[in-house]
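See below for the structure under consideration.
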Amino acid sequence: MAKKENVASVLAFEKKLVPSDGFMYGTTWEGRNDTVSPLKLKEKSVRGTISNRLKAAIKNDPLKLNAEVEKPNLQRVDSCALAPEQDTLKLSFTLKVLSGVEQPSACNSEVFLASYSAAAKGYIEEKGFTELARRYATNIASGRFLWRNRVGSEKLEVHVKVSNSDEAWVFDSTAFSTRNFDASTTELEALAAKIADALSGKTSFLLLEINAFAQIGKAQDVYPSEELVLDKGNSKGGKSKILYHINDVAGMHSQKVGNALRTIDTWYPDFETLNVGPIAIEPYGAVTNLGKAYRNPKVKADFFTLFDKFAQGEKLESQEEEHYVMGVLVRGGVFGESGKE
Amino acid sequence: MLDPAIQQFLDERKEVWLKKKIKSNTSAEEQADFERKAASTFSLSSWLPDAAKRAQQLSLVSHPGKFSHPSAKISPVIATAERKADGYLRTGNVEVGLDVFGNAAAMDVYKFLSIELKDKQTVLEHLEAQTPEIETQFSFPDTTFLEISDGLLAIKQSDENAVKTSGKVKQVYFPVDDDYHLLSILTPSNVMYKLKERINTLRFSDEAKEAREARKKNQYSELTLSDVFDLSVIGFGGTKPQNISVLNSQNGGAAYLLPSLPPKLEKRKIRRPKESFFKEVLWAKRYTEEFQTLHKLLVSDANNVHIRHKRDSVLRSIIYQVVDQVWTLRSLDAGWSNSESCDALPKPQKIWLDQQYGGDRKDDKACFDVISFELAKWLSKAYKDVVTKKKEVGLGDDQLPHFESIIDQCKEALL
Amino acid sequence: MSRDFLLIPNIRIHNANALSSPYTIGFPAMTAWVGAMHALQRHVQAQDFEDIEFKSMAVSCHDFDLQTHKGENDYVHSIIGTGNPLDKAGNRPSFIEEARIHLTVSLLIEIDDLGFVDFDELRDVVDACLQGKMKLAGGDILTSDWSSSCELVTVDSNTEERQLLRRLMPGHCLLERKDLMEQSMAEGQDGIDALLDYLKVTHASQQDEKEKVTWESSRETKGWIVPVATGFHGISELGQALQQRDADTPHRFAESIITLGEFVMPYRLSELDQILWHYDVDAENNLYLCRQNKPTH
Numbered sequence: 000m001a002k003k004e005n006v007a008s009v010l011a012f013e014k015k016l017v018p019s020d021g022f023m024y025g026t027t028w029e030g031r032n033d034t035v036s037p038l039k040l041k042e043k044s045v046r047g048t049i050s051n052r053l054k055a056a057i058k059n060d061p062l063k064l065n066a067e068v069e070k071p072n073l074q075r076v077d078s079c080a081l082a083p084e085q086d087t088l089k090l091s092f093t094l095k096v097l098s099g100v101e102q103p104s105a106c107n108s109e110v111f112l113a114s115y116s117a118a119a120k121g122y123i124e125e126k127g128f129t130e131l132a133r134r135y136a137t138n139i140a141s142g143r144f145l146w147r148n149r150v151g152s153e154k155l156e157v158h159v160k161v162s163n164s165d166e167a168w169v170f171d172s173t174a175f176s177t178r179n180f181d182a183s184t185t186e187l188e189a190l191a192a193k194i195a196d197a198l199s200g201k202t203s204f205l206l207l208e209i210n211a212f213a214q215i216g217k218a219q220d221v222y223p224s225e226e227l228v229l230d231k232g233n234s235k236g237g238k239s240k241i242l243y244h245i246n247d248v249a250g251m252h253s254q255k256v257g258n259a260l261r262t263i264d265t266w267y268p269d270f271e272t273l274n275v276g277p278i279a280i281e282p283y284g285a286v287t288n289l290g291k292a293y294r295n296p297k298v299k300a301d302f303f304t305l306f307d308k309f310a311q312g313e314k315l316e317s318q319e320e321e322h323y324v325m326g327v328l329v330r331g332g333v334f335g336e337s338g339k340e
Numbered sequence: 000m001l002d003p004a005i006q007q008f009l010d011e012r013k014e015v016w017l018k019k020k021i022k023s024n025t026s027a028e029e030q031a032d033f034e035r036k037a038a039s040t041f042s043l044s045s046w047l048p049d050a051a052k053r054a055q056q057l058s059l060v061s062h063p064g065k066f067s068h069p070s071a072k073i074s075p076v077i078a079t080a081e082r083k084a085d086g087y088l089r090t091g092n093v094e095v096g097l098d099v100f101g102n103a104a105a106m107d108v109y110k111f112l113s114i115e116l117k118d119k120q121t122v123l124e125h126l127e128a129q130t131p132e133i134e135t136q137f138s139f140p141d142t143t144f145l146e147i148s149d150g151l152l153a154i155k156q157s158d159e160n161a162v163k164t165s166g167k168v169k170q171v172y173f174p175v176d177d178d179y180h181l182l183s184i185l186t187p188s189n190v191m192y193k194l195k196e197r198i199n200t201l202r203f204s205d206e207a208k209e210a211r212e213a214r215k216k217n218q219y220s221e222l223t224l225s226d227v228f229d230l231s232v233i234g235f236g237g238t239k240p241q242n243i244s245v246l247n248s249q250n251g252g253a254a255y256l257l258p259s260l261p262p263k264l265e266k267r268k269i270r271r272p273k274e275s276f277f278k279e280v281l282w283a284k285r286y287t288e289e290f291q292t293l294h295k296l297l298v299s300d301a302n303n304v305h306i307r308h309k310r311d312s313v314l315r316s317i318i319y320q321v322v323d324q325v326w327t328l329r330s331l332d333a334g335w336s337n338s339e340s341c342d343a344l345p346k347p348q349k350i351w352l353d354q355q356y357g358g359d360r361k362d363d364k365a366c367f368d369v370i371s372f373e374l375a376k377w378l379s380k381a382y383k384d385v386v387t388k389k390k391e392v393g394l395g396d397d398q399l400p401h402f403e404s405i406i407d408q409c410k411e412a413l414l
Numbered sequence: 000m001s002r003d004f005l006l007i008p009n010i011r012i013h014n015a016n017a018l019s020s021p022y023t024i025g026f027p028a029m030t031a032w033v034g035a036m037h038a039l040q041r042h043v044q045a046q047d048f049e050d051i052e053f054k055s056m057a058v059s060c061h062d063f064d065l066q067t068h069k070g071e072n073d074y075v076h077s078i079i080g081t082g083n084p085l086d087k088a089g090n091r092p093s094f095i096e097e098a099r100i101h102l103t104v105s106l107l108i109e110i111d112d113l114g115f116v117d118f119d120e121l122r123d124v125v126d127a128c129l130q131g132k133m134k135l136a137g138g139d140i141l142t143s144d145w146s147s148s149c150e151l152v153t154v155d156s157n158t159e160e161r162q163l164l165r166r167l168m169p170g171h172c173l174l175e176r177k178d179l180m181e182q183s184m185a186e187g188q189d190g191i192d193a194l195l196d197y198l199k200v201t202h203a204s205q206q207d208e209k210e211k212v213t214w215e216s217s218r219e220t221k222g223w224i225v226p227v228a229t230g231f232h233g234i235s236e237l238g239q240a241l242q243q244r245d246a247d248t249p250h251r252f253a254e255s256i257i258t259l260g261e262f263v264m265p266y267r268l269s270e271l272d273q274i275l276w277h278y279d280v281d282a283e284n285n286l287y288l289c290r291q292n293k294p295t296h
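Order-wise, the sequence lines are chains A, B and C.
FYI, numbering that gives the first Met the number 0 numbers position 226 of the first sequence as 225, with every residue one higher than the one before it.
FYI, numbering that gives the first Met the number 0 numbers position 356 of the second sequence as 355, with every residue one higher than the one before it.
FYI, numbering that gives the first Met the number 0 numbers position 3 of the third sequence as 2, with every residue one higher than the one before it.
Below is the structure:
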């Protein structure tokens, strides 16, 4: 157990990967570099069918079942789709990569700060963020950030440009798997090197302009982020699905883009047997849509257990654990002693 | 003699307890047993010493930490401050009670302390002042008044001596001279919920309802109706507001937030001029009030500095409102005036209104001259249209040079 | 007298903190903006510009997008949340609602006694801070191009002041209108009523000779009057507290305070000091404030 004065009760880190919102446009595969038009949200009323699991009493009574199924289930929802002549979705965002992971934004123990900084600098010197950067780069190249829009696309391409520079790459995303980080190309390594240099402070700052193109078929639906409305309106007949837009352009939340980019954790216990694939870097390995946390403190695989050791200068059991700890610090958050609950 | 309010409090508690115990199948014997037990439990002499022990499970505060984060644990804070007409909404400038948080099972103690006695003072206030009235009522053979009083007053004391903030509370550095103070920012739940109460009174009082009804039917009413628009609602504690504080629970865990936003330029409502900004976008009637004031000042016999000053300021206010429209057009996509439908719009107006010319505009003297002349003409015509029913010859035209000079003074605003 | 300003145009800020006080939502608190100026000063001083001091600052808000939602028949807006991370059990923790706003702003910062510095170098340092090191009002700074690179503007005359004000267009700047509240409070209103009187819209009816009834709506005063968070009020003694951010700085509990403000387009103003704000500590009354250099009324 660490001594009390070596513990920071207030400790926070700013995120080092800062994506913007993703803006959605419609275009054609052939004309994707020339003309694009912003995608707007449409509101529609849908007559839903009963598809939820019904209570046994209703299910087993044909009359009741009929009545239940015939109840109009009218819902108003936002939707978004390509125009009839468009077959390709373009998603645009920028990504800022920052250095300074060795420096917390708040820390109230000098002893802790000194030992943590030394450990972080050691990692930067030794590993130079190359493994994390390669994984982040792969998630850019594969277009993982398109989420559901990636599914079923015939062609998939990601254009990456370094802002204020001529450096640019085009990735054929179908060549990259979202299940592993094995693929390697010259372009990928070049992008990864840029990211690694920025994270480790060799360059002060990196801004990437990222444009992804997914050929999904004419007039097909696309999927902007859904808004989490903490509804206090209490009015009936409200919309049941509200999608995100920025000044009338359909959008993907920056948080959602960020979550995809840091989906690099293949180092959690039972990765091999569970077959869930890479999960997003999170302190408890939590995956929101599965409602599960894959890094349980009981098996000492969670961030806080590992970080306490790491920051005190102890050697972790494997370099994978180090990568994971640094991944959480790049993600940022409030990690003080009082933040563990 | 026990204060009737206290007696009533105990009686209510007793009844609730009995209702829970006595079912339809309870035998008469059992029932008598329960009643005996209740009479003893809810007599002041046994209930109060027990309550005095439980009071320490509660904290009476003005700024509960859990509004910052549901698991923030901080020292209890009871803030007091002097009332001053300093223009700030803060603790001290609104009369409010305290909030309370702690073990839900001890909330009856808080209710007990809040009971108003015959003299309108609460039990708590009596205890704090150690009044003889309360001392006589709270003295028992087995427990002294001091024990009771100390126990109950624990609700206002912290059991720890050290002040404690939390990493989950926002802590702000504020520069003071050459150093800093570190401020842990807390929420005055009592002031926050008082604001909600006042807004709800505005909206839902009987008077408001009556006035709203009259307005709906467009009937005359002596009453007025007030409303605050664009409120947002913020929730504390999710489905368990009682975990945050008592006041929070009483308010269903929801507070109002007042909007604090700049106006939006109404891009969608503005008309893009096809031939003339002055004819198509400006609408003299919109400025009726200002032109009438101006007219009164212009025809006034008095001609002193004060009047002239007032007159110029009214004119400026009209010009500024015109410029607001100009900026709305400038906020449209640069190049909007290139469209064929704007072919008839004179070039100086295009330069003035379309942001594609934003860079050159300020050095274009010729353009400014044309615009200021057009604007002066519009002002005099609008003035004439608004204030005269019959066309009085000369009115307005006389003012043209004066209008122009004011416009010239507003040059920076117009460009 | 000539004055030097740093003009940082068109900064896009993503997810800034819109909960400016427990009573208000929208434009971030004035303390957050003046605080950003102070943080920038610290960064710049740490980069070989030890003597640079920033005196006061103005924000011009060009565009904003508050992340709230109002259903068609709703009276109130609801906050649009962000999904909080799950806890170790995979559950969503009981969370605090965070209100967010996207903004495009220009900042104008007055430099005290610029002296002889290499401005190109200073500009690079400021740009680098904004791009790589700083947040503004709790939000991320987005820069897709370099048009928000800062520049130095020296002002020698009132004409130049007005020209600089014009460069903050199109946008709205905040003026303090504490005068309105002070007046109501001097007349005996408490803090809440003094505030609400200027925010509420009142509908009243009139009846003319022909018994025609008209209902009209009005507000107490002209101008775009809003409640604004401009400082903090210390509510406990200065001292030490467990779990404070650093043990060497005197600590106390405090609350946000609000007063009235007015948003105006800067072209209407004649002096920069009307929109420039600075720190002002009123120790006697435990007030930690941001004040306008020159009150409007």
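We put the beta carbon where it would ideally sit given N, CA and C, even for glycine.
{"Check": "Close-in-space but distant-in-sequence residues of the same chain around A207 of chain B (CB under 6 angstroms, 5 per side omitted)", "Outcome": "L224"}
{"Check": "Residues near L102 of chain C by beta carbon distance below 6 angstroms, same chain, minus five either side", "Outcome": "I12, A15 and F63"}
{"Check": "Below-8 angstroms beta-carbon distance, F173 of chain B vs any chain C residue", "Outcome": "yes"}
{"Check": "Between the CA atoms of A31 of chain C and I95 of chain C - distance to the nearest angstrom", "Outcome": "20 angstroms"}
{"Check": "C60 of chain C beta carbon less than 8 angstroms from that of G137 of chain C", "Outcome": "no"}
{"Check": "Neighbouring residues, chain C, relative to F204 of chain A (Cβ below 8 angstroms)", "Outcome": "A127, Q130 and G131"}
{"Check": "Ranges of the beta strand (DSSP E) found wholly within the region 252 to 327 of chain B, counting only runs of at least 3", "Outcome": "253 to 259"}
{"Check": "Neighbour flag for L227 of chain A against chain B, beta carbons, 8 angstroms", "Outcome": "no"}
{"Check": "CA-to-CA distance, D10 of chain B to L17 of chain B, given in whole angstroms", "Outcome": "10 angstroms"}
{"Check": "Cβ pair count under 8 angstroms reaching 3, the region 64 to 77 of chain B against the region 163 to 174 of chain B", "Outcome": "yes"}
{"Check": "Inter-residue Cα distance where the pair is T26 of chain A and V329 of chain A", "Outcome": "34 angstroms"}
{"Check": "Residue nearest to D77 of chain A in terms of C-alpha spacing, selected from A:K15, A:E225, A:S98 and A:H252", "Outcome": "A:E225"}
{"Check": "Under 8 angstroms (Cβ pairs) to chain B, residues found in the region 149 to 161 of chain C", "Outcome": "T158 and R161"}
{"Check": "Boundaries (first-last residue) of the beta strand (DSSP E) holding H180 of chain B", "Outcome": "D178 to L185"}
{"Check": "C-alpha gap between A82 of chain A and K43 of chain A, whole angstroms", "Outcome": "16 angstroms"}
{"Check": "Sequence-distant residues of its chain with Cβ nearer than 8 angstroms to T25 of chain B (five each side left out)", "Outcome": "F33"}
{"Check": "Chain C within 8 angstroms of K155 of chain B, Cβ atoms only", "Outcome": "no"}
{"Check": "CB contact check: Y197 of chain C to chain B, cutoff 8 angstroms", "Outcome": "no"}
{"Check": "Cβ separation of V313 of chain B and T292 of chain B, assumed to be a contact under 8 angstroms, to the nearest whole Å", "Outcome": "5 angstroms"}
{"Check": "Residues, ordered as in the chain, of the region 280 to 296 of chain A that lie near chain B by beta-carbon distance below 8 angstroms", "Outcome": "none"}
{"Check": "Classification of N351 of chain A by the beta-carbon crowding that lies within 10 angstroms, buried from 16 upward", "Outcome": "One cannot answer for residue 351 of chain A here, as it falls past the ends of chain A, which runs 0 to 340."}
{"Check": "Identity of the residues DSSP links to Q206 of chain C by a beta bridge", "Outcome": "C:V212"}
{"Check": "Range covered by the beta strand (DSSP E) that runs through L135 of chain C", "Outcome": "Taken as a continuous stretch (DSSP letters only), L135 of chain C belongs to no beta strand (DSSP E), as it is neither H nor E."}
{"Check": "Buried versus exposed, by CB contacts within 10 Å (16 or more), T135 of chain B", "Outcome": "exposed"}
{"Check": "Interface flag, N92 of chain B vs chain C, CB-CB below 8 angstroms", "Outcome": "yes"}
{"Check": "6 angstroms CB neighbourhood of P18 of chain A in its chain, flanking five on each side removed", "Outcome": "F92, L94, S253, V256 and G257"}
{"Check": "Exposure label - M0 of chain C; buried when at least 16 CB within 10 Å", "Outcome": "exposed"}
{"Check": "Interfacial residues, the region 234 to 254 of chain B to chain A, with Cβ spacing under 7 angstroms", "Outcome": "G234 and A253"}
{"Check": "Cross-strand partners of A207 of chain A (DSSP beta bridge)", "Outcome": "The residue asked about is misnamed: residue 207 of chain A is Leu in this sequence, not Ala. In the DSSP output, where bridge partners are listed per residue, L207 of chain A has A:L94 and A:V161."}
{"Check": "Backbone secondary structure at I147 of chain B - three-state DSSP", "Outcome": "helix"}
{"Check": "Collapsed DSSP secondary structure at M0 of chain C in the structure displayed", "Outcome": "coil"}
{"Check": "Interface flag, G166 of chain B vs chain A, CB-CB below 8 angstroms", "Outcome": "yes"}
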